[in-house]
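Participant: According to my numbering, the sequence shown is numbered sequentially starting from 4.
The structure's right below; bear with me while I get my questions together.
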Amino acid sequence: MINTFDYEDALFRIDSNLKEFRDLKEKYVVFSARNAGNPQAARRELPELAQEYQKSRHEIFRDFASLLEKFEDPIVNSFIMVEKICNGQIYDSRLSNGPIESINRKAKDLKRLGRGFRNFEHFRNRFLYSTRIEPDTHWRF
4 MINTFDYEDA LFRIDSNLKE FRDLKEKYVV FSARNAGNPQ AARRELPELA QEYQKSRHEI
64 FRDFASLLEK FEDPIVNSFI MVEKICNGQI YDSRLSNGPI ESINRKAKDL KRLGRGFRNF
124 EHFRNRFLYS TRIEPDTHWR F
């Protein structure tokens, strides 16, 4: 049975650039894990990481370096930890705009599935009804 590392080795033999891609990607993964919960350290290290990516001979990493520089504040803010509750358990998690993006997608999906709502109030009510957290249980038919 072939494992992940064997697949990697086979791919690296096909194209030696893939190893460099993987190594550069792993630098961000390590940076992210090392600075979770420590936005000050992330702010200090981020320019160094961006500079390293800027020196890459691969355009995709130079573009990524520009993205890191352009969105430095939101990236650093994502290292702030907040308490969350899930299934009665309290845990720390990094800030994310994922929940907001999820709500935006639900609105777009509803709009698409509705094939063009003509009445905003109807669309609004349908959206609020379909995204409620706990359905009303007192309605019995």
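Just so it is clear, CB atoms sit at the ideal spot from N, CA and C, and this is done for glycine as well.
Using the rule of at least 16 other Cβ atoms within 10 Å of the residue's Cβ for burial, across every protein chain shown, is N38 buried or exposed?
Facilitator: To locate residue 38, count along the sequence shown from 1; it is residue 35. It counts as buried.
Participant: Which residue marks the beginning of the alpha helix (DSSP H) containing S133, and which one marks its end?
Facilitator: By one-based count along the sequence shown, residue 133 stands at place 130. Unbroken alpha helix (DSSP H) run through S133: F123 to S133.
Participant: Which first and last residues belong to the beta strand (DSSP E) in which K87 is found?
Facilitator: Numbered from 1 along the sequence shown, position 84 holds the residue referred to as residue 87. Element bounds for K87: M84 to C89.
Participant: Looking at the strands, I want to know which residues DSSP matches up with D112.
Facilitator: Residue 112 sits at position 109 when you count from the first residue of the sequence shown. Answer is none; D112 lacks a bridge partner.
Participant: Give me the DSSP bridge partner(s) of I93.
Facilitator: Position 90 of the sequence shown holds residue 93. Partner(s): I88.
Participant: Which residue wins for smallest C-alpha separation from L113, given the options Q57, F8 and L131?
Facilitator: Residue numbering aside, residue 113 sits at position 110 when the sequence shown is read from its first letter. Ranking Q57, F8 and L131 by Cα distance to L113 puts L131 first.
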